[in-house]
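> Throughout, my numbering is defined as the position within the sequence shown, counted from one, plus 21. Once you've had a glance at the structure underneath, I'll fire off some questions.
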Amino acid sequence: MLTFTARPQFFPGHHLINGFVITNPLTLISESQNLRISGSQNLRISESQNLRISESQNRRISESQNRKISESQNLRIAESQNLRIAESQNLRIAESQNLRISESQNLRISESQNLRIAESQNRRISESQNLRISGSQNRRISESQNLRIAESQNLRISESQNRRISESQNLKNLRISESQNLRISESQNLRISRISESQNLRISESQNLRISESQESQNLRISESQNLRISESQNLRISESQNLRISESQNLKNLRISESQNLRISRISESQESQNLRISESQNLRISESQNLRISESQNLKNLRISESQNLRISESQNLRI
Numbered sequence: 022m023l024t025f026t027a028r029p030q031f032f033p034g035h036h037l038i039n040g041f042v043i044t045n046p047l048t049l050i051s052e053s054q055n056l057r058i059s060g061s062q063n064l065r066i067s068e069s070q071n072l073r074i075s076e077s078q079n080r081r082i083s084e085s086q087n088r089k090i091s092e093s094q095n096l097r098i099a100e101s102q103n104l105r106i107a108e109s110q111n112l113r114i115a116e117s118q119n120l121r122i123s124e125s126q127n128l129r130i131s132e133s134q135n136l137r138i139a140e141s142q143n144r145r146i147s148e149s150q151n152l153r154i155s156g157s158q159n160r161r162i163s164e165s166q167n168l169r170i171a172e173s174q175n176l177r178i179s180e181s182q183n184r185r186i187s188e189s190q191n192l193k194n195l196r197i198s199e200s201q202n203l204r205i206s207e208s209q210n211l212r213i214s215r216i217s218e219s220q221n222l223r224i225s226e227s228q229n230l231r232i233s234e235s236q237e238s239q240n241l242r243i244s245e246s247q248n249l250r251i252s253e254s255q256n257l258r259i260s261e262s263q264n265l266r267i268s269e270s271q272n273l274k275n276l277r278i279s280e281s282q283n284l285r286i287s288r289i290s291e292s293q294e295s296q297n298l299r300i301s302e303s304q305n306l307r308i309s310e311s312q313n314l315r316i317s318e319s320q321n322l323k324n325l326r327i328s329e330s331q332n333l334r335i336s337e338s339q340n341l342r343i
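Written out as structure tokens, the structure is:
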């Protein structure tokens, strides 16, 4: 017989058989089940944990990667974006550049244009006026016109500069225009046309304002002196044939002036393209999307206002000339 000196301590799921502690077979099954359950649970838990960990890690990694990637991508994207951004940037840059360039160019352009315009206008005006105006009026008008025109022109133009600039520019323009027209390709024409549109608007604004101001002041002075002297009987004698001749002469002038301006603007646009490409590479890294949106909105408003003001001024200047 087996005897026990003390009562053994049993755990749940254990049995005493002949003095030996034997585990319950159900506990063995439960352990195997627990292993399976724990395995499936651990897989689910690990998946949920890994997803959370991966999200947090991916965020950190993406931030570091995006910084590196953005630097490499921005260099590639910059080429495509620069074409779009350059248009908006060039508008602002052109304002500062055109103001400086236009001052030096307008002085040269105005010198050559004023000489040609003044010579052609004075000849045609004198021919039409001399038929109507007597010798006494021609003397007074010519003296008053020549004094006023000379005062405005002589301040900027010297005889030595006009001769040298006119001769050198005419020779250069003829040679360059022939060589450029043959070399300009379709791809360049597309870029030049876009840039020239924006540049022509601003250059024409600055030029038209200065030309219109000088012409308006001259026209007002001339018209005041002429209108006082020209009687109503002379105005009734102006025929349709004269108006046709005047319109034809003006159209020829406008065509010649536009051709000379477009050739000069095309040269300016080529130099500005090279400058803008260099400037845009350094600037595009710093310009944000929010700035571009604001710039585009402000520029569109400016362009609308500028176009309205230009059309009004051009129409007024043309009407005054006609």
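Even glycine gets a Cβ: it sits at the ideal position worked out from N, Cα and C.
Taking the C-alpha atoms as reference points, what is the distance between Asn71 and Arg80?
For the purposes of this step, residue 71 is identified with residue 50 of the sequence shown, where counting begins at 1. For the purposes of this step, residue 80 is identified with residue 59 of the sequence shown, where counting begins at 1. Cα to Cα, the separation comes out at about 14 Å.
> What three-state label does DSSP hand Ser343 in the structure shown?
In the sequence shown, the residue the question calls residue 343 occupies position 322. In the sequence as displayed, the identity of residue 343 is Ile instead of Ser. Coil.
> Does the beta-carbon distance from Gln331 to Glu226 come in below 7 Å?
Start at 1 with the first residue of the sequence shown, and residue 331 comes out as number 310. Start at 1 with the first residue of the sequence shown, and residue 226 comes out as number 205. Yes. Within cutoff.
> Shortest alpha-carbon distance to Ser270 belongs to which of Leu222, Arg145, Ser67, Ile289?
By one-based count along the sequence shown, residue 270 stands at place 249. That would be Arg145, whose Cα lies nearest to the Cα of Ser270.
> Between which residues of its own chain and Ile82 is the CB-CB distance below 7 Å, once the five residues before and five after are set aside?
The sequence position of residue 82 within the sequence shown is 61, counting from 1. For Ile82, where only same-chain residues beyond five positions count, there are no Cβ hits under 7 Å.
> If you draw a straight line from the C-alpha of Ser295 to the C-alpha of Arg288, how long is it?
Taking the sequence shown and counting its residues from 1, the one referred to as residue 295 is at position 274. Taking the sequence shown and counting its residues from 1, the one referred to as residue 288 is at position 267. Their backbone Cα atoms lie some 11 Å apart in a straight line.
> For the candidate residues Gln190, Leu298, Glu234, Arg299, whose alpha-carbon lies nearest to that of Gln339?
If you number the sequence shown from 1, residue 339 lands on position 318. The candidate whose alpha carbon is nearest that of Gln339 is Glu234.
> Pull up the distance between the alpha-carbon of Glu76 and that of Ser85, whole angstroms please.
If you number the sequence shown from 1, residue 76 lands on position 55. If you number the sequence shown from 1, residue 85 lands on position 64. Looking at the two C-alpha atoms, the distance is approximately 14 Å.
> Determine, for Ile66, whether the minimum Cβ-Cβ distance to residues of chain B falls below 7 Å.
Protein chains in the displayed structure number just one, and chain B is not present.
> For Leu325 and Glu164, I'd like the C-alpha separation in whole angstroms.
By 1-based counting over the sequence shown, the position of residue 325 is 304. By 1-based counting over the sequence shown, the position of residue 164 is 143. So the alpha carbons of these two residues sit roughly 43 Å apart.
> Could you tell me the alpha carbon to alpha carbon distance between Ser267 and Arg299, rounded to whole angstroms?
Position 246 of the sequence shown holds residue 267. Position 278 of the sequence shown holds residue 299. The sequence shown places Ile at residue 267, not Ser. Going by the C-alpha atoms only, they are around 47 Å apart.
> In whole angstroms, what separates the C-alpha of Ser317 from that of Leu222?
Along the sequence shown, one-based indexing puts residue 317 at 296. Along the sequence shown, one-based indexing puts residue 222 at 201. Roughly 16 Å between the two C-alpha positions.
> Apply the 10 Å Cβ neighbour rule to Asn191 and answer buried if 16 or more other Cβ atoms are within range, or exposed otherwise.
Within the sequence shown, the letter at position 170 stands for residue 191. Exposed: under 16 other Cβ atoms inside 10 Å.
> Express the C-alpha separation of Arg113 and Lys274 in angstroms, rounding to a whole number.
As a first step, residue 274 is located in the sequence shown; it is residue number 253 there, counting from the start. As a first step, residue 113 is located in the sequence shown; it is residue number 92 there, counting from the start. Those two C-alpha atoms are separated by around 32 Å.
> Could you check whether Arg242 and Arg169 sit closer than 7 Å to each other, using their CB atoms as the reference points?
Within the sequence shown, the letter at position 148 stands for residue 169. Within the sequence shown, the letter at position 221 stands for residue 242. Result yes, Cβ atoms of Arg169 and Arg242 sit closer than 7 Å.
> Buried or exposed: Asn297, going by 16 or more other Cβ atoms within 10 Å of its Cβ?
For this step, residue 297 is matched to residue 276 along the sequence shown. It counts as buried.
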